[in-house]
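According to mature numbering (1 follows the signal peptide of the UniProt record, and there is no 0), the sequence shown holds residues -24 to -1, 1 to 234 in order.
Here a beta-carbon is modelled for each residue, glycine too, at the ideal position from N, C-alpha and C.
Worksheet for the structure shown next.
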Amino acid sequence: MRAFFTAFLFLLSAVGASAFEANAAAKPTIVLVHGAFAESSSWNSVIERLSGQGFHVVAAGNPLRGVKTDAAAISALARSIPGDVILVGHSYGGPVITEAANDAPNVKSLVYVAGFAPDTGESANVLAQKFPGSTLGKALQPVALQGGGQDLYIRPDVFHEQFAADLPAAEAALMAATQRPVTLAALSEAAGAPAWKRLPSYMIYGSADRNIPAAVMKFMAARAHAKKTVVIDGASHAVMASHPEEVAAFIAGAASAR
């Protein structure tokens, strides 16, 4: 009798594991790519919500050194994941996923969260200035790099206003302290062939973004023929942290679209 129950419990466990694996396989893996002046934990609240819906989520570490080299790192990560992948890019993470998808055939769609979607030859700096409204330039603190070039930070005293105005001051202060710098060269690097010309793209952004003006996001969404575009009224550049519910729902919708 004991042997029977042991075998029965093993069978139930195996069936449960198979069902779980089948459910996981039915959903694409969501790879979140942070941008400049942020880091992977900026997605924490979004990850919590997506994971609760049964998605496997990876918050990638974006090197922030250059579009092509950063894209190569994200592309390698995407290729290592079994099954379909949705790439999500915030800010400078946008150019990175736009490039990375070209070398990762399992990427099925792109989601831009207040992220640049450059065309061939465009850089983040060029796009940011396409329409008036960005105040990022005067908020930057350059740091000279050994061997040449510059790292760029947002000055801590203006980080809250510039990057995350709709977050509590204490939370913005933590983000300012943990921000990761991007090289000036990365923001100036011209993009290659844009994956959004062949993959479904989705865009969500805030109307009060001081890094990438809403007019720039609207232009890029129209040019990419975005499948869906959502504007969150009053949201800052840190929209994934200030409005995680809306951002997670938007990503989940893109990931579930067929």
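Starting from the Cα of residue i, find the closest Cα among the options and give me that residue.
i	options	result
ALA52	ALA76, GLY65 and PHE31	ALA76
HIS10	ALA140, GLY125, ALA49 and TYR68	TYR68
VAL34	PHE226, ILE50, GLN126 and ASP46	ILE50
ILE180	ASP127, THR74, LYS194 and PRO170	LYS194
HIS201	SER56, ALA224 and LEU175	LEU175
PHE226	LEU163, ILE62 and LEU103	ILE62
PRO189	GLY113, ALA146 and GLY123	GLY113
THR111	VAL134, GLY125, GLY124 and PRO144	VAL134
SER183	VAL158, ALA211 and VAL192	ALA211
PRO58	ASN20, PHE92, HIS219 and ASN82	ASN82
PRO220	ALA146, ALA169 and ARG25	ARG25
PRO4	ALA217, ALA146, GLY123 and SER85	SER85
GLN126	ALA80, VAL102 and ALA162	ALA162
ALA230	ASN101, ASP60 and ALA146	ASP60
PRO39	SER27, GLU15, VAL22 and ALA54	GLU15
What's the gap between the Cα of residue i and the Cα of residue j?
i	j	result
ASP130	ALA197	Here residue 130 is Ile; the residue named in the question, Asp, does not match the sequence. In a straight line, the C-alpha of ILE130 is about 26 Å away from that of ALA197.
PRO132	GLY42	24 Å
GLN138	PHE13	11 Å
ALA152	ALA115	12 Å
LEU128	SER17	19 Å
GLN29	SER99	35 Å
LEU160	ALA166	12 Å
HIS213	ASN187	6 Å
ALA90	ASP142	14 Å
VAL192	PHE31	31 Å
PHE(-5)	ALA104	Low confidence applies to PHE(-5): its pLDDT is 36, below 50, so where it sits in the model is not reliable enough to give any reading.
THR96	TRP172	11 Å
ALA47	VAL87	15 Å
GLY37	ALA233	26 Å
ALA148	GLU222	19 Å
GLY124	GLN155	22 Å
PHE107	ALA93	15 Å
TRP19	ALA140	14 Å
PRO170	THR45	16 Å
ALA(-1)	ALA146	Unreliable positioning characterises ALA(-1) in this predicted model, as indicated by a pLDDT of 47, which lies under 50. The coordinate reading is nonetheless provided below. Roughly 37 Å separates the two Cα atoms.
VAL215	VAL7	17 Å
ASP185	ALA2	35 Å
GLY109	ALA54	34 Å
PRO144	SER21	15 Å
ASN101	SER164	6 Å
ALA(-3)	ARG199	Only weak support is given to the placement of ALA(-3): the predicted model assigns it a pLDDT of 43, under 50, and the question is left unresolved by the model.
Look up residue i in the DSSP assignment and give the residues it is bridged to.
i	result
HIS66	VAL89
VAL83	VAL61
VAL9	ALA36 and GLY65
THR159	ASP127
GLN117	TYR129
LYS204	TYR178
If you count every other CB in all the chains shown that lies within 10 Å of the CB of residue i, and 16 or more means buried, which is it?
i	result
SER177	buried
GLY65	buried
SER56	exposed
LEU150	exposed
PRO71	buried
PRO157	buried
ILE73	buried
ALA228	buried
residue 235	Summary: the structure shown does not reach residue 235, with the chain confined to residues -24 through 234, and so no result is reported for it.
SER218	buried
ALA224	buried
HIS136	buried
query: Three or more beta-carbon pairs under 8 Å between the segment 116 to 124 and the segment 200 to 214, yes or no?
result: At 8 Å Cβ cutoff, the stretches do not touch.
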